[in-house]
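Accompanying notes for the structure given below.
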Amino acid sequence: MSPSFTDSLIKWTLAAFLVLVFAFLYMPIVHILFASLSTRPNFPYPPEFNVASYVRLSTNTVYQSAFLNSLLLASCTAVLSTVLGFLATVGVLRFAGKRALIYAIFFAAPLFVSEILLGISSMALYYMLFELQGNMLTAIIANAVHCFSFCFLIMAAMLYKYDWRMNEAAIVCGASPLRSFFEVMLPITWPGIMGSLITAFVLSLNGLDVSFYLLGATPTMPSVAWGALRYGVKPELYALSSLINIIVFAMIIALLVAIRLKRKAV
Numbered sequence: 001m002s003p004s005f006t007d008s009l010i011k012w013t014l015a016a017f018l019v020l021v022f023a024f025l026y027m028p029i030v031h032i033l034f035a036s037l038s039t040r041p042n043f044p045y046p047p048e049f050n051v052a053s054y055v056r057l058s059t060n061t062v063y064q065s066a067f068l069n070s071l072l073l074a075s076c077t078a079v080l081s082t083v084l085g086f087l088a089t090v091g092v093l094r095f096a097g098k099r100a101l102i103y104a105i106f107f108a109a110p111l112f113v114s115e116i117l118l119g120i121s122s123m124a125l126y127y128m129l130f131e132l133q134g135n136m137l138t139a140i141i142a143n144a145v146h147c148f149s150f151c152f153l154i155m156a157a158m159l160y161k162y163d164w165r166m167n168e169a170a171i172v173c174g175a176s177p178l179r180s181f182f183e184v185m186l187p188i189t190w191p192g193i194m195g196s197l198i199t200a201f202v203l204s205l206n207g208l209d210v211s212f213y214l215l216g217a218t219p220t221m222p223s224v225a226w227g228a229l230r231y232g233v234k235p236e237l238y239a240l241s242s243l244i245n246i247i248v249f250a251m252i253i254a255l256l257v258a259i260r261l262k263r264k265a266v
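Oh and the sequence shown: position 137 is 137 in the UniProt record's numbering, straight run, nothing missing.
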């Protein structure tokens, strides 16, 4: 075989493998979208499109309440996790010195704790020690503990090669620490911050184990979907799942577009 033929064969083999991998990953999402738009949600092929499930979703108060609760939980968890992750990363990389690795291992430790164990232990802690019943606040805190480690690692990857002398130079030139952050550090690190926000948002939006033990009867999207399995999944749940997938993909695409535009501007 000629080298060019071998290179072409390897190229097309890798391309075919990549297509299979993406099909394996995204076919369930495409299936849910078809099911939400089909008159036969159990097997929507060939699709017969209609929007009846979306119309019924607009009047289903249970799913609407679950979606709003999940949105509130995910938004607050994402903000809290990202802020704590950013502060922890700055502390470890800027001020920890030789003990940075020890602190990094400590902050990444929640990654190795089962979500079920985290949910049960959080419930026991808040109820037995603080005498707090499960509510949205305790669920946000517990989810933030789980998402914090992901945010910390994302921010650590972003700030690992950050030149801290730029902040010092800005302060020497008369800028306050807050102004130094917004005008020097934030324009460089915002992709990592947005990535942390999106990651924590998606994890807490789809998480069942932690929220289940801390919210009780308060419905969220994962708990409603879990309960629906006992009676059969309704098309409205497919519609709501499709809307959530669209929102998540839109956030990711918006982040990628913003990064590309920022690079072109620079």
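Beta carbons are placed, not taken as given, at the ideal position from N, Cα and C, and that holds for glycine.
Buried versus exposed, by CB contacts within 10 Å (16 or more), residue i
i           : result
A82         : Strictly speaking, residue 82 in this sequence is Thr, with Ala absent from that position. Result: buried.
N69         : buried
G207        : buried
E48         : exposed
Y126        : buried
V30         : exposed
T199        : buried
G91         : exposed
residue 268 : Nothing can be reported for residue 268: it is not among the residues displayed for the chain, which extend from 1 to 266.
L20         : exposed
Y32         : With the sequence shown as reference, residue 32 is identified as Ile, and Tyr is not the correct amino acid for it. So I32 ends up on the buried side.
S114        : exposed
F74         : Here residue 74 turns out to be Ala, not Phe, going by the sequence shown. The residue is buried, with at least 16 neighbouring Cβ atoms inside 10 Å.
G192        : buried
A124        : exposed
Residue i versus the options, residue with shortest Cα-Cα distance
i    : options                   : result
K161 : W226, S8 and L93          : L93
P41  : N245, E236 and S65        : E236
L111 : S121, S70 and C151        : C151
A108 : F148, Y126, N135 and N167 : F148
F249 : G174, Y26, V19 and L9     : Y26
V202 : V55, C76 and V21          : C76
A78  : I247, L197 and L229       : L197
I116 : A96, N135, V145 and S180  : V145
A156 : L87, Y231 and L229        : L87
P28  : S242, V257, R260 and L261 : S242
R260 : F67, L178, A66 and W190   : W190
R263 : I188, V224, D163 and I246 : I188
S121 : I141, I246, T39 and A175  : I141
W164 : F95, L57 and R56          : F95
Bridge-paired residues (DSSP) for residue i
i   : result
S38 : F49
C-beta neighbour in chain D for residue i, strict 8 Å
i   : result
L18 : Going by chain labels, chain D is absent from the structure shown, which holds only one protein chain.
Whole-Å CB distance - residue i paired with residue j, under 8 Å assumed
i    : j    : result
L72  : V51  : 27 Å between Cβ atoms; not a contact.
S53  : Y213 : Not quite, the Cβ-Cβ distance comes to about 31 Å (not below 8 Å), so this is no contact.
V210 : N143 : 5 Å
T89  : L159 : 5 Å
M194 : L255 : 5 Å
F67  : L240 : 6 Å
A35  : P44  : 5 Å
I253 : L205 : Rounded, the Cβ-Cβ distance is 17 Å, inconsistent with contact.
Near the ligand ATP: residue i beta-carbon under 7 Å from a heavy atom
i    : result
R179 : By its list of ligands, the structure shown contains no ligand whatsoever, and the ligand ATP lies outside what it can speak to.
Original post:
Should the segment 14 to 28 be called in touch with the segment 215 to 233, which here means at least 3 C-beta pairs below 8 Å?
Top reply: no
Original post:
Can you find at least 3 beta carbon pairs, one from the segment 55 to 75 and one from the segment 126 to 134, that sit closer than 8 Å?
Top reply: no
Original post:
Is the number of C-beta pairs between the segment 181 to 196 and the segment 162 to 170 that are closer than 8 Å three or more?
Top reply: yes
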